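Q:
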Amino acid sequence: MREDLERGTVPGLVRYAAERYGPREAVVEGRTRVTYAELGERVERAAAACMAAGVEPGDRVAVWAPNTLDWIVSALGAVTAGAVLVPLNTRFKGAEAAYVLDKSRAKLLFITGTFLGTSYVASLRRTGIVLPHLEQVVVLADGAPEDFRTWKDFLAGGDGVPRAAVRARADAVEATAPSDIVFTSGTTGRPKGAVITHAQTLRCYETWADLAGLAEGDRYLIVNPFFHTFGYKAGIIACLTRGAVMVPQPVSGTDTVLANIVAERITVLPGPPTLLQSLLDHPARSSYDLSTLRLVVTGAAVVPLSLVTRLRTELGVGTVLTAYGLSEASGIVTMCRRGDPLEVVATTSGRPIPGTEVRVDGTGEVLVRGHHVMTGYFEDPDGTAAAVDPDGWLRTGDVGVLDGAGNLRITDRIKDMFVVGGFNAYPAEIEQLLATHPDLVDVAVVGVPDPRLGEVAKAYAVRRPGSPLTADDLIAWARREMANYKVPRQVAFVAELPRNASGKVVKGELRARH
1 MREDLERGTV PGLVRYAAER YGPREAVVEG RTRVTYAELG ERVERAAAAC MAAGVEPGDR
61 VAVWAPNTLD WIVSALGAVT AGAVLVPLNT RFKGAEAAYV LDKSRAKLLF ITGTFLGTSY
121 VASLRRTGIV LPHLEQVVVL ADGAPEDFRT WKDFLAGGDG VPRAAVRARA DAVEATAPSD
181 IVFTSGTTGR PKGAVITHAQ TLRCYETWAD LAGLAEGDRY LIVNPFFHTF GYKAGIIACL
241 TRGAVMVPQP VSGTDTVLAN IVAERITVLP GPPTLLQSLL DHPARSSYDL STLRLVVTGA
301 AVVPLSLVTR LRTELGVGTV LTAYGLSEAS GIVTMCRRGD PLEVVATTSG RPIPGTEVRV
361 DGTGEVLVRG HHVMTGYFED PDGTAAAVDP DGWLRTGDVG VLDGAGNLRI TDRIKDMFVV
421 GGFNAYPAEI EQLLATHPDL VDVAVVGVPD PRLGEVAKAY AVRRPGSPLT ADDLIAWARR
481 EMANYKVPRQ VAFVAELPRN ASGKVVKGEL RARH
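Here it is in structure tokens:
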């Protein structure tokens, strides 16, 4: 497998996995259990249906659905037919989805029926937005409106396409061709579509699997959404390279995570720090046998040392790793290594992956160059030129520091920095300090206007249940723990922080509350 990374493709990887791991379990969804050989057959059938529906190499095919077996099959089927995958955020409203479908000129859309009480079909129709390039919509369910198709009907449409034709189409896909367009989360401005190739995808997630120590037969609970690189590539693609079992989970509820770990003897659980924290703090945790967990991968500007320590000591997780990436760099830039000290895992995002250069410029911005940097934003030369300089350095928009060993510590987003009386204040740094308070379970900091200092910090904090902590208490504590200009002048306690579907705190929404 490793020798094929430079010329490999996603269709080639699917076939490789089907042949190498044939009888092994590939996907578990409730009572449905699919082997790697069966997954390969299902993907080829979906590819045949895409071909019968008129999908040509290079056409964009979108998937708007939660983590399910059907997502895996429809997405990999489209890519096997030579299409470019456009995953849509499941938190999108109809108009947001329509924007991405229009921008990418998607020809075919796979859509879930109802998810979390929302009809995606109705949501899209209500917009009234005309999508002239969207020729077919396939509902991943048994029923569909008259002008849409059901998943069963769509698959049947490809039964007349010979297997040899499907394989010829798959074999014609080139490693340098786009495999997917991942639209940025769009917490500010309109989302942009980062174009990533097949070779980039395979090389990056072969590396991810190597560094994480993902192994054949591992049972991987994929809670991270498939529309995000953490779910699709560090999940589906990484599992295909190793023959690991995929257990997709559509909703990231803690009770469901605990139940799945026990029922499916889960060994691998990547996820955001908030999910892992809620797992550790669950009141009934002791009644669940979580001893099978051996690998956890997480990543965020703030990963409390206590979280890493508790995963190791309380749950006995042998390997806890942190990583850093962004869509424009195929989702991965740096990663800790197995055996790194706990302090390195908690306070940094590790070292650059092989074949990658990372540096910090005079403004503190993290710049990245390497095999994984996007070919560009989809049909946006101006946006691409602003993001990637002529020498190939990608401007990440993140502020960071490199230590003597080359470990990267992300301190903030450039746009989130604010100035307090002439001092640059970085919210993530303040959040890291506040997160050590024993009565806080989550916290976010934004800059708000101040008549004397220009801007000051305001903290939005989630208290531990039953905590009597007051705003004055927290401010007084902060004055003892950090430089005066960093101390929040205001504190608002909230039930939870607003997050987008990628798990990032939506700072714009917090600023708007002020």
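Going by UniProt numbering, 496 is the number at position 496 of the sequence shown; the sequence numbering is gapless. Ideal Cβ positions, reconstructed from N, Cα and C, are used throughout, including at glycine. None of these values were measured; they are calculated from a predicted model.
Can you tell me whether Val121 is helix, strand or coil according to DSSP?
A: Here the question's residue 121 lines up with position 121 in the sequence shown. In the structure shown, Val121 sits in a helix (DSSP, three-state: H, G or I).
Q: Between Ala263, Phe423, Thr375, Ala435, which has its C-alpha nearest residue 515's C-alpha?
A: The requested residue 515 is not part of the displayed model; the chain covers only 1 to 514.
Q: Answer yes or no: do Pro87 and Ala177 have a C-beta to C-beta separation smaller than 9 Å?
A: Here the question's residue 87 lines up with position 87 in the sequence shown. Here the question's residue 177 lines up with position 177 in the sequence shown. Cβ atoms of Pro87 and Ala177: not closer than 9 Å.
Q: Between Gly193 and Glu496, what straight-line distance do the alpha-carbon atoms span, to the nearest angstrom?
A: Within the sequence shown, the letter at position 193 stands for residue 193. Within the sequence shown, the letter at position 496 stands for residue 496. If you take the alpha carbons of Gly193 and Glu496, they lie about 29 Å apart.
Q: Just the Cα atoms here: how many angstroms apart are Ala106 and Gly404?
A: For the purposes of this step, residue 106 is taken as residue 106 along the sequence shown, with counting starting at 1. For the purposes of this step, residue 404 is taken as residue 404 along the sequence shown, with counting starting at 1. Rounded to the nearest angstrom, the two C-alpha atoms are 46 Å apart.
Q: Give the secondary structure of Val373 by DSSP, where H, G and I count as helix, E and B as strand, and everything else as coil.
A: Against the sequence shown, residue 373 aligns to sequence position 373. Coil.
Q: Can the beta-carbon of Ala141 be found closer than 9 Å to that of Thr118?
A: Sequence index remark: in the sequence shown, residue 141 carries index 141 (1-based). Sequence index remark: in the sequence shown, residue 118 carries index 118 (1-based). Not closer than 9 Å, so no.
Q: With three or more beta-carbon pairs closer than 8 Å as the criterion, would you say the segment 283-292 touches the segment 242-253?
A: The segment 283-292, when compared against the segment 242-253, does not touch it at the 8 Å Cβ threshold.
Q: Looking at Tyr120: is its Cβ nearer than 9 Å to the Cβ of Ile111?
A: As a first step, residue 120 must be located in the sequence shown, where it is residue number 120. As a first step, residue 111 must be located in the sequence shown, where it is residue number 111. The answer is yes: Cβ separation under 9 Å.
Q: With a CB to CB cut of under 6 Å and the five nearest residues on each side skipped, what residues in its chain are close to Trp393?
A: The residue given as residue 393 occupies position 393 in the sequence shown. Closer than 6 Å at Cβ, skipping near neighbours: Leu367, Arg369.
Q: By alpha-carbon positions, which one of Ala435, Val55, Lys486 ends up nearest to Ala461?
A: Indexing the sequence shown from 1 puts residue 461 at position 461. Per the Cα distances, Ala435.
Q: Once you ignore the five residues that flank Val445 on each side, which residues in its own chain have a CB closer than 6 Å to its CB?
A: What you label residue 445 is simply residue 445 of the sequence shown in a count that begins at 1. Around Val445: Pro427, Ile430, Glu431, Ala457, Ala459.
Q: Taking all protein chains shown into account, decide if Arg45 is buried (16 or more other Cβ within 10 angstroms of its Cβ) or exposed.
A: Reading the sequence shown from its first residue, position 45 is the one you call residue 45. Flag for Arg45 reads buried.
Q: Do three or more CB pairs link the segment 381-393 to the segment 409-421 at distances below 8 Å?
A: Contact fails: fewer than three Cβ-Cβ distances are below 8 Å.
Q: Measure the Cβ-Cβ separation of Val73 and Arg42 and say whether it is below 9 Å.
A: By one-based count along the sequence shown, residue 73 stands at place 73. By one-based count along the sequence shown, residue 42 stands at place 42. Taking 9 Å as the Cβ cut-off, Val73 and Arg42 qualify as a contacting pair.
Q: Please check the pair Thr150 and Gly157, which I expect to be a contact at CB under 8 Å, by giving their CB distance rounded to whole angstroms.
A: By one-based count along the sequence shown, residue 150 stands at place 150. By one-based count along the sequence shown, residue 157 stands at place 157. In fact, because the Cβ distance is near 11 Å, the residues do not count as touching under 8 Å.
Q: With DSSP as the reference, label Thr322 as helix, strand or coil.
A: Working through the sequence shown from its first residue, we reach residue 322 at position 322. Thr322: strand per DSSP, three-state reduction.
Q: Ala81 and Arg167 - do their beta-carbons sit closer together than 9 Å?
A: For the purposes of this step, residue 167 is taken as the residue at position 167 of the sequence shown. For the purposes of this step, residue 81 is taken as the residue at position 81 of the sequence shown. For Arg167 and Ala81, no; Cβs fall outside 9 Å.
Q: Alpha carbon to alpha carbon, what distance is there between Gly331 and Gly30?
A: For this step, residue 30 is matched to residue 30 along the sequence shown. For this step, residue 331 is matched to residue 331 along the sequence shown. C-alpha separation (whole angstroms): 29 Å.
Q: Out of Gly22, Lys507, Pro66, Asn484, which one is the CA nearest neighbour of Val251?
A: By 1-based counting over the sequence shown, the position of residue 251 is 251. Among Gly22, Lys507, Pro66, Asn484, the Cα nearest to that of Val251 is on Pro66.
Q: For Thr35, write down the residues that DSSP places opposite it in a beta bridge.
A: If you number the sequence shown from 1, residue 35 lands on position 35. Thr35 pairs with Glu25.
Q: Quick one: Cα of Ser349 to Cα of Asp398, how far?
A: For the purposes of this step, residue 349 is identified with residue 349 of the sequence shown, where counting begins at 1. For the purposes of this step, residue 398 is identified with residue 398 of the sequence shown, where counting begins at 1. Going from the Cα of Ser349 to the Cα of Asp398 covers about 13 Å.
Q: For a quick check, are the C-beta atoms of Leu69 and Pro11 less than 9 Å apart?
A: As a first step, residue 69 must be located in the sequence shown, where it is residue number 69. As a first step, residue 11 must be located in the sequence shown, where it is residue number 11. It is not a contact, given that the beta carbons lie outside the stated cut-off.
Q: Considering Cα atoms alone, identify which of Thr229, Leu240, Ile196 is closest to Glu216.
A: One-based indexing of the sequence shown puts residue 216 at position 216. Comparing Cα positions, the closest option is Leu240.
Q: Is it right to say Thr188 is buried, meaning 16 or more other beta carbons lie within 10 angstroms of its own, or is it exposed?
A: As a first step, residue 188 must be located in the sequence shown, where it is residue number 188. Low confidence applies here, because Thr188 scores a pLDDT of 46, under 50, leaving its location unreliable and the question unanswered by this model.
Q: Tell me Tyr460's beta-bridge partners as DSSP assigns them.
A: The residue labelled residue 460 in the question sits at position 460 within the sequence shown. In DSSP, Tyr460 forms a bridge with Ala444, Ala492.
Q: Could you check if His372 is buried or exposed, using at least 16 other CB atoms within 10 Å of its CB as the buried criterion?
A: In the sequence shown, the residue the question calls residue 372 occupies position 372. With 16 or more other Cβ atoms within 10 Å, it is buried.
Q: If residue 519 sits next to Val268, beta carbons under 8 Å apart, how far is it from one beta carbon to the other, in whole angstroms?
A: No answer is possible for residue 519: the residues shown for the chain start at 1 and end at 514.
Q: In the DSSP assignment, what residue or residues form a beta bridge with Val268?
A: Translated into the one-based positions of the sequence shown, residue 268 becomes position 268. DSSP lists Tyr220, Leu295 as partners of Val268.
Q: Return yes when the Cβ of Trp64 is within less than 9 Å of the Cβ of Leu109, no when it is not.
A: Translated into the one-based positions of the sequence shown, residue 109 becomes position 109. Translated into the one-based positions of the sequence shown, residue 64 becomes position 64. Against a cut-off of 9 Å, the Cβ pair of Trp64 and Leu109 comes out as a contact.
Q: Can you look up Val55 in the DSSP assignment and give me helix, strand or coil?
A: Indexing the sequence shown from 1 puts residue 55 at position 55. It is coil, neither helix nor strand.
Q: From Thr292 to Asp218, what does the alpha carbon distance come to, in whole angstroms?
A: Taking the sequence shown and counting its residues from 1, one reaches residue 292 at position 292. Taking the sequence shown and counting its residues from 1, one reaches residue 218 at position 218. Their backbone Cα atoms lie some 10 Å apart in a straight line.
Q: What are the residues that DSSP puts in a beta bridge with residue 553?
A: Residue 553 lies beyond the stretch modelled for the chain, which goes from 1 to 514, so this question has no answer here.
Q: What does DSSP give as the partner residue(s) for Asn424 in the beta ladder?
A: Taking the sequence shown and counting its residues from 1, the one referred to as residue 424 is at position 424. In DSSP, Asn424 forms a bridge with Val419.
Q: Here's a check: name, in chain order, each residue in its chain whose Cβ is nearer than 7 Å to the Cβ of Thr207, leaving out the five neighbours to either side.
A: Mapped onto the sequence shown, residue 207 falls at position 207. Same-chain partners within the cutoff: Ile353, Pro354.
Q: So what does DSSP say about Ile475, is it helix, strand or coil?
A: Taking the sequence shown and counting its residues from 1, the one referred to as residue 475 is at position 475. Three-state result, Ile475: helix.
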